[in-house]
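S.K.: Chains F and D, in that order, give the protein sequences.
Mapping to my numbering: the first sequence position 7 is 347, numbers consecutive.
Mapping to my numbering: the second sequence position 80 is 81, numbers consecutive.
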Amino acid sequence: MSEHKVIVVNKGMVRADYNFWVGRYLDKFFDNLENKKIVGNKCSKCGDVFVPPRKICGKCNVVIPLEENWVDLPDTGILKNYTITPYRVNDRTHRKAKDLLLGMIQIDGSNTAIVYRLLDLKPDEIKTGMKVKIEWAEKPKGDPSDIKGFVKM
Amino acid sequence: MEKVGIVGYYQVKLHSDANYGRYEMIFKAVRGAVDMAGLKKKDISTVISCTNDYYDGRTISNCFTVEVGGGYMADESKVEMDGAHAVLYGLMRILSGNHKLAVVWGGSMPSCFPYHSTRLFETDPTWERPLAYVNDITSAGFQMRSYMEKYGVSAEEIASVAVKNRKNAAKNPLALAEVQNSNIDVKEVLASDIYADPVTELMVAQPCDGVAAILLAPERQALKITDKPVWITGIGYSQEAYYLGDRNLYESKSMELAGKTAFESAGIKDPKSEIDVAELFEAYAHEELILSEALGLAEKGKGASINSEINGDISINPSGGATSGNPPCATGLIRVIEAARQLRGEANGYQVNNAKKAIASGQVGMCAQNNILFVLEGGN
Chain F
341 MSEHKVIVVN KGMVRADYNF WVGRYLDKFF DNLENKKIVG NKCSKCGDVF
391 VPPRKICGKC NVVIPLEENW VDLPDTGILK NYTITPYRVN DRTHRKAKDL
441 LLGMIQIDGS NTAIVYRLLD LKPDEIKTGM KVKIEWAEKP KGDPSDIKGF
491 VKM
Chain D
2 MEKVGIVGYY QVKLHSDANY GRYEMIFKAV RGAVDMAGLK KKDISTVISC
52 TNDYYDGRTI SNCFTVEVGG GYMADESKVE MDGAHAVLYG LMRILSGNHK
102 LAVVWGGSMP SCFPYHSTRL FETDPTWERP LAYVNDITSA GFQMRSYMEK
152 YGVSAEEIAS VAVKNRKNAA KNPLALAEVQ NSNIDVKEVL ASDIYADPVT
202 ELMVAQPCDG VAAILLAPER QALKITDKPV WITGIGYSQE AYYLGDRNLY
252 ESKSMELAGK TAFESAGIKD PKSEIDVAEL FEAYAHEELI LSEALGLAEK
302 GKGASINSEI NGDISINPSG GATSGNPPCA TGLIRVIEAA RQLRGEANGY
352 QVNNAKKAIA SGQVGMCAQN NILFVLEGGN
């Protein structure tokens with residue numbers, strides 16, 4: 341077999357920006373995030389509270405009406421799971437020196453978990469079940485980055 | 002259900018950077034399967050391909066695989082999941098009564114693209130993708146920790162699954178060379194680079210270049226083509242919630258349901274004693290335990306305590322499983338092929354004694370969100 345390979349690189353030939361509208365439920369959620377508030381919504385059948393909110397409870401196949409069953413939630417929660425990784429998958433170089441500490445956090449009063457960074461913690465200080473609290477972005481914009489991460493309570 | 006048989010198969014040798022193009026690989030696999038069955042291009046009436054537009058760097062990427070995949074002037078359709086899902090589609094084509102021979106092929110070439118980056122396109126663009134915290138790497142870390150903490154399973158026990166599969170892969174001539182290691186031990190697995198703690202690099206079924214193909218035929222046709230048909234006697238397929246935070250990652254409810262359905266249709270009451278070989282798509286070592294527990298091959302949390310070596314209590318992944326090489330869109334299809342190979346007594350070097358009934362699984366999504374299971378039986 342030939343040692344020499346001809347590689348054709350396709351880089352940036354096509355630029356296609358996708359503008360996803362988040363929908364009416366996440367609109368409300370992100371509006372609240374901008375004011376440093378967490379809201380969820382509740383399935384009227386099983387009572388599960390979803391963060392972020394959604395239109396349908398998949399388990400019950402029930403529609404949660406847009407104007408009903410909203411629940412105001414605190415900015416605290418329980419760490420349900422965590423991982424530590426040196427990889428940055430959205431980066432061509434793949435690895436960076438500093439570890440990223442990520443947690444799955446169940447906001448108090450909700451039944452789901454969200455994935456965010458764990459801040460100001462060393463790996464050996466992280467324990468499943470610990471209480472954590474949101475650290476908000478200095479200037480919230482009404483998007484997922486308004487939650488900077490979670491800190492230990 | 003009318004019987005549908007596997008009458009031919011072919012898998013190319015897996016490479017981390019194959020020295021030939023993906024279209025050559027597709028041709029080699031499809032032609033290999035057709036040759037094995039002693040058939041010709043004109044015998045192919047339907048083709049199901051399995052690739053992914055993001056992995057191929059083109060849209061409707063099967064428009065370019067018509068000739069090499071055997072689909073020239075034939076009917077062809079594409080599945081954008083795992084190759085095992087394409088087997089289900091091919092089987093449905095046969096059961097429609099309109100086709101006498103279906104080619105099912107799947108595969109990809111991750112040496113050409115940043116695999117983990119492309120998997121970000123699986124995530125919710127309005128919520129998870131902008132931050133990229135949820136991806137195939139981090140979700141594996143969450144899944145393994147959830148399993149360990151729920152059942153008190155040690156990292157050593159999970160690493161021993163990777164050891165077994167890497168040793169098995171050493172006996173499988175088509176496995177990725179980098180994976181084949183008959184001297185590996187648990188220490189080496191645990192000491193390898195952190196991928197997403199507690200998952201280490203050697204616990205990962207590494208994406209690699211490869212294509213596989215099988216041929217499906219209805220019973221009458223199958224018996225004409227081969228004296229060693231392998232019958233698909235049961236199928237189950239299920240999926241769970243999308244968001245990781247909605248799921249219990251320590252178990253696989255979808256595989257549980259897929260298993261129940263597949264075993265029911267195959268008339269299997271006690272999978273643990275009736276199944277001789279299990280070829281499971283474990284994207285990570287811990288998934289082999291989670292999936293085998295979901296299938297009732299072990300009690301919940303006890304997957305590591307059964308002897309799953311070749312000719313053990315139940316032979317799980319004698320080929321090395323997905324650990325032996327994980328070519329996206331082919332891995333589940335290769336599990337089906339490996340199960341068929343065992344039932345035909347053609348697994349030279351890793352043959353399970355007296356293999357009569359086998360299962361093979363495919364999966365897609367973060368933390369095996371979606372699982373499909375086939376029950377296969379040999380004999381006329």
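Glycine included, C-beta positions come from ideal geometry on N, C-alpha and C.
What does the alpha-carbon distance come out to for the pair Met204 of chain D and Tyr285 of chain D?
M.R.: Rounded to the nearest angstrom, the two C-alpha atoms are 6 Å apart.
S.K.: Leaving out five residues on either side along the sequence, give the residues of the same chain with a beta carbon under 7 Å from the beta carbon of Ile27 of chain D.
M.R.: Excluding sequence neighbours, Ile27 of chain D sits near Thr66, Val69, Gly70, Trp106, Gly108 and Val212.
S.K.: Please report the residue range of the alpha helix (DSSP H) in which Arg59 of chain D lies.
M.R.: Arg59 of chain D -> no alpha helix (DSSP H), and no H or E assigned at all.
S.K.: Given this structure, state the Cα-to-Cα distance separating Glu129 of chain D from Gly6 of chain D, to the nearest angstrom.
M.R.: Looking at the two C-alpha atoms, the distance is approximately 42 Å.
S.K.: Check the Cβ of Pro392 of chain F against every Cβ in chain D and list those closer than 7 Å, keeping chain order.
M.R.: Under the 7 Å cutoff, chain D gives Trp128.
S.K.: Return the residues of the segment 171 to 201 of chain D that lie within a Cβ-Cβ distance of less than 9 Å from chain F, sorted by chain order.
M.R.: Residues passing the 9 Å Cβ filter: Asp194, Ile195, Tyr196, Ala197, Asp198, Pro199 and Val200.
S.K.: Quick check on the burial criterion: 16 or more other C-beta atoms within 10 angstroms. Buried or exposed for Lys481 of chain F?
M.R.: Exposed, since its Cβ has fewer than 16 Cβ neighbours within 10 Å.
S.K.: When you compare the CB of Gly237 of chain D with every CB in chain F, is at least one pair closer than 8 Å?
M.R.: It does not; no Cβ of chain F falls within 8 Å.
S.K.: I'd like to know whether the C-beta of Pro208 of chain D is nearer than 8 Å to at least one C-beta of chain F.
M.R.: It does not: the Cβ of Pro208 of chain D has no partner Cβ on chain F nearer than 8 Å.
S.K.: Indicate whether at least one CB of chain F lies closer than 8 Å to the CB of Asp54 of chain D.
M.R.: Output row for Asp54 of chain D: interface = no.
S.K.: Under three-state DSSP, which class holds Phe360 of chain F?
M.R.: Phe360 of chain F: coil per DSSP, three-state reduction.
S.K.: Taking DSSP's pairing of strands, which residues face Tyr422 of chain F in a bridge?
M.R.: Paired residues: F:Gly443.
S.K.: State the Cα-Cα distance for the pair Arg32 of chain D and Val376 of chain D, rounded to the nearest angstrom.
M.R.: Cα to Cα, Arg32 of chain D sits roughly 26 Å from Val376 of chain D.
S.K.: Just to make sure I have the definition right: I need the residues of chain D whose C-beta is within less than 8 Å of the C-beta of Asp483 of chain F. Which are they?
M.R.: The contacting residues are Pro131.
S.K.: Taking Cβ-Cβ distances shorter than 9 Å, what residues in chain F pair up with Glu150 of chain D?
M.R.: Ordered by position in chain F, the residues that pass the 9 Å Cβ test against Glu150 of chain D are Asn421 and Thr468.
S.K.: Please classify Met82 of chain D as buried or exposed, where buried requires at least 16 other C-beta atoms within 10 Å of its C-beta.
M.R.: Met82 of chain D should be labelled buried.
S.K.: In the DSSP assignment, find the beta strand (DSSP E) that holds Phe375 of chain D and state where it starts and stops.
M.R.: Looking at the DSSP string, the run of the beta strand (DSSP E) that includes Phe375 of chain D is Asn371 to Glu378.
S.K.: Straight-line CA distance for Glu374 of chain F to Glu189 of chain D?
M.R.: Roughly 47 Å between the two C-alpha positions.
S.K.: Rounded to whole angstroms, what is the Cα-Cα separation between Val180 of chain D and Lys229 of chain D?
M.R.: One C-alpha to the other measures close to 31 Å.
S.K.: What three-state label does DSSP hand Cys330 of chain D in the structure shown?
M.R.: Coil.
S.K.: Going by Cα to Cα distance, which pick from D:Cys209, D:Leu102, D:Glu252 and D:Met110 is closest to Phe143 of chain D?
M.R.: Measuring from the Cα of Phe143 of chain D, the nearest candidate turns out to be D:Glu252.
S.K.: With a floor of 4 residues, list each alpha helix (DSSP H) that falls wholly inside the segment 245 to 271 of chain D, ordered by position along the chain.
M.R.: Within the segment 245 to 271 of chain D, the complete alpha helix (DSSP H) runs of at least 4 residues are 254 to 267.
S.K.: Out of F:Ile424, F:Phe369 and F:Ile447, state which residue places its alpha-carbon closest to the alpha-carbon of Val135 of chain D.
M.R.: Closest by alpha carbon: F:Ile424.
S.K.: So, with DSSP's three-state summary, where would you put Lys1 of chain D?
M.R.: In the structure as shown, chain D begins at 2 and stops at 381. Residue 1 of chain D is therefore absent and cannot be evaluated.
S.K.: Quick one: using the 10 Å Cβ neighbour count with 16 as the cut-off for buried, is Cys383 of chain F buried or exposed?
M.R.: Looking at its Cβ environment, which holds 16 or more other Cβ atoms inside 10 Å, Cys383 of chain F is buried.
S.K.: On the three-pair Cβ rule with 8 Å, is the segment 51 to 61 of chain D touching the segment 361 to 377 of chain D?
M.R.: Touching, no, given that fewer than three Cβ pairs across the two stretches are closer than 8 Å.
S.K.: Quick one: what's Pro208 of chain D bridged to in DSSP?
M.R.: DSSP output for Pro208 of chain D lists D:Asn327 as bridge partner(s).
S.K.: Under 6 Å Cβ to Cβ from Arg23 of chain D, same chain only, skipping five residues before and after it: list those, please.
M.R.: Here the set comprises Met110.
S.K.: Quick check on Arg59 of chain D: buried or exposed, where buried means 16 or more other Cβ atoms within 10 Å of its Cβ?
M.R.: The residue in question, Arg59 of chain D, is exposed, as its Cβ has fewer than 16 Cβ neighbours within 10 Å.
S.K.: When the cut-off is 8 Å and only beta carbons count, does Val135 of chain D lie next to chain F?
M.R.: True, the Cβ-Cβ gap to chain F drops below 8 Å.
S.K.: Flag this pair as yes or no: are the beta carbons of Ala197 of chain D and Thr124 of chain D separated by less than 8 Å?
M.R.: Not a contact, by the Cβ cut-off of 8 Å.
S.K.: Short of 6 Å in beta carbon distance, which residues of its chain neighbour Leu440 of chain F, apart from the five on each side in sequence? Order them along the chain.
M.R.: Correct list, in chain order: Thr425.
S.K.: Tell whether a beta-carbon distance below 8 Å holds between Thr332 of chain D and Ala341 of chain D.
M.R.: It is not a contact, given that the beta carbons lie outside the stated cut-off.
S.K.: Using a C-beta cutoff of 8 Å, does Val429 of chain F count as contacting chain D?
M.R.: Yes, contact with chain D.
S.K.: Apart from the five residues on each side of it in sequence, which residues of its chain come closer than 6 Å, Cβ to Cβ, to Tyr90 of chain D?
M.R.: Closer than 6 Å at the Cβ level, and outside the excluded window around Tyr90 of chain D, lie Ile49 and Val80.
S.K.: For the beta strand (DSSP E) that Gln364 of chain D lies in, which residues bound it at each end?
M.R.: Counting along the chain, the beta strand (DSSP E) containing Gln364 of chain D begins and ends at Lys358 to Val365.
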